[in-house]
């Protein structure tokens, strides 16, 4: 079971509590999560399903590689963390 | 009492001005979040706000209680790009991503079509809602015009629709302005579109292309409500005016210190009167000689008053964005917000301005409501 955790900055705007999802790829993990918390989807992915430009997603402590297809594998012990990238900040 | 919505880089403020001319700024909504645009729908009183979360994308909110509470509604979403479609930005030679980057303007539809709301976006799509923003659909008839292959960004990497001007003469008649792609017109509710930028002039392309209507950069369009064929345009390369709903634009070559700027407001009842906020030029986007002024014509652009009463007397580097100036339904009240967070109000058509605040966040949009 992958534990999916979202940055506090996102929790301010939309309901996205930490949850455990059973799946073997990031796409399937996030699809499973967004079934439970559908409003969070558009804050993380754009309408074509790609990770938003200024969102950073880590799987097992590594930044993901496939930001469009989300094909990165998720191991049984991997956690998924979703953060805001510092590149998107506004002073 | 008059009220205006002030959308800023760090929240949405409501400003009220009492009959004595004393302004009050209310507690901000969405504090800390960039608010691109906000408007009241005069048909049902609803408020709409478009938020640009940066990290978390574009999200729209609606309030049915004067801003006491807000509900997130749908945001415009582009359909999937069909297989085999090549959609390349001619300026960057990068593939255009079919995803909303900015909900640049929200505009209520005609009074005879309740529930209709328009939204102009970057990368250049116009969206229409028939249910007060609960759902949106891309206006594909405009998105698919062949000329879109020539559109490119003005200020942003991708083209964007910043003006949706609803013609008061009846539903289905709309003129839009986009940077960079000219002005377009529909008379059938958006089923078909025609270019409406002839006469505009661009100096950011080779001379032989200067008159190409498809690549013009109108920064903002403003229509005279009581004489709707008259539309004013603050363009990247000057000021233009049409008196035939965009059939032909006539350049106004002199306007006080400069014809460069972003914002324009049109008097609702007098087609000869409009206001502009000049800056030096494309390369130097600050007031001419550091003197921040508003220009006003009352004779269709033949002459301009240079208005400075109540504006900064010392050096000033305020710039007013394209949605940063508005006039109310009487034509007497103006509100104006700058990139350095200054907000001014006038109760006499700009003869005198009152500083409401010099300490707001950078201001994206102001709108009487």
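Chains as they are written, first to last, in our numbering: chain A, 6 to 96; chain B, 27 to 395.
Cβ coordinates follow ideal geometry from the N, Cα and C atoms, glycine included.
| Asked | Found |
| --- | --- |
| Taking the beta strand (DSSP E) that residue 43/B falls in, what are its first and last residues? | 37–43 |
| If you reduce the DSSP assignment to three classes, tell me which class residue 315/B lands in. | helix |
| Roughly how many whole angstroms lie between the Cα atoms of residue 62/A and residue 7/A? | 13 Å |
| In chain order, what residues of the same chain have a beta carbon less than 6 Å from the beta carbon of residue 287/B, not counting five sequence neighbours either side? | 260, 302, 303, 304, 305 |
| Using 10 angstroms around the beta-carbon of residue 322/B, count the other beta-carbons present and answer buried if the total reaches 16, otherwise exposed. | buried |
| Using a 10 Å radius around the Cβ and a threshold of 16 neighbouring Cβ atoms, would you call residue 103/B buried or exposed? | buried |
| Is residue 364/B buried or exposed, if buried means 16 or more other CB atoms sit within 10 Å of its CB? | buried |
| Give the residues of chain B in contact with residue 51/A, contact being defined as C-beta atoms less than 7 Å apart. | 83, 125 |
| Go ahead and label residue 373/B buried or exposed: buried means 16 or more other beta carbons lie within 10 angstroms of its beta carbon, across all protein chains shown. | buried |
| Out of curiosity, what's the CA-to-CA distance linking residue 472/B and residue 291/B? | Shown here, chain B extends from 27 to 395; a query on residue 472/B therefore has no answer. |
| May I ask you to list, following chain order, the residues of the region 88–105 of chain B that have a beta carbon less than 7 Å from some beta carbon of chain A? | 101, 103, 104 |
| Please give the ranges of any beta strand (DSSP E) in the region 39–75 of chain A, keeping only runs that are unbroken, at least 3 residues long and fully inside the region. | 60–64 |
| Strictly below 8 Å CB to CB, what residues from chain A border residue 79/B? | 18, 48 |
| Pick out the complete beta strand (DSSP E) segments inside the region 140–196 of chain B, 3 residues or longer, and give them in chain order. | 143–148, 152–155, 186–192 |
| Tell me the rounded alpha-carbon separation between residue 146/B and residue 81/A. | 44 Å |
| Since residue 60/A meets chain B, which of its residues come closer than 8 Å, beta carbon to beta carbon? | 81, 82 |
| Check the Cβ of residue 90/A against every Cβ in chain B and list those closer than 8 Å, keeping chain order. | 81 |
| Is residue 240/B helix, strand or coil when you go by DSSP? | helix |
| For the putative contact between residue 164/B and residue 105/B, defined by C-beta atoms under 8 Å, what is the C-beta separation to the nearest angstrom? | 6 Å |
| If you follow the alpha helix (DSSP H) that residue 15/A is in, where does it begin and where does it stop? | 13–16 |
| I think residue 40/B touches residue 52/B, with their Cβ atoms under 8 Å apart; what is that distance to the nearest whole Å? | 4 Å |
| List, in order along the chain, the chain B residues whose C-beta lies closer than 8 Å to that of residue 57/A? | 81, 82, 83 |
| Does chain B have any CB closer than 8 Å to the CB of residue 15/A? | yes |
| Any chance the region 57–71 of chain B sits against the region 130–141 of chain B, with 3 or more Cβ pairs inside 8 Å? | yes |
| Leaving out five residues before and five after residue 83/B in sequence, what residues of the same chain have Cβ atoms less than 7 Å from its Cβ? | none |
| On the CB-based measure, 16 or more other CB atoms within 10 Å of its CB, does residue 50/B come out buried or exposed? | exposed |
| Name, in chain order, the residues that DSSP records as bridge partners for residue 86/A. | 10/A, 63/A |
| Are the CB atoms of residue 176/B and residue 240/B nearer to each other than 8 Å? | yes |
| Nearest to residue 352/B by CA position, among 395/B, 245/B, 340/B, is which residue? | 395/B |
| What separation, rounded to the nearest whole angstrom, lies between the Cα atoms of residue 90/B and residue 78/A? | 45 Å |
| Compute the Euclidean distance between the alpha carbons of residue 30/B and residue 359/B, then round it to the nearest angstrom. | 11 Å |
| So, do the region 305–318 of chain B and the region 268–281 of chain B have three or more beta carbon pairs nearer to each other than 8 Å? | no |
| Going straight from the alpha carbon of residue 76/A to that of residue 19/A, what length do you get? | 25 Å |
| Give a yes or no on whether the C-beta atoms belonging to residue 56/B and residue 75/B are separated by under 8 Å. | yes |
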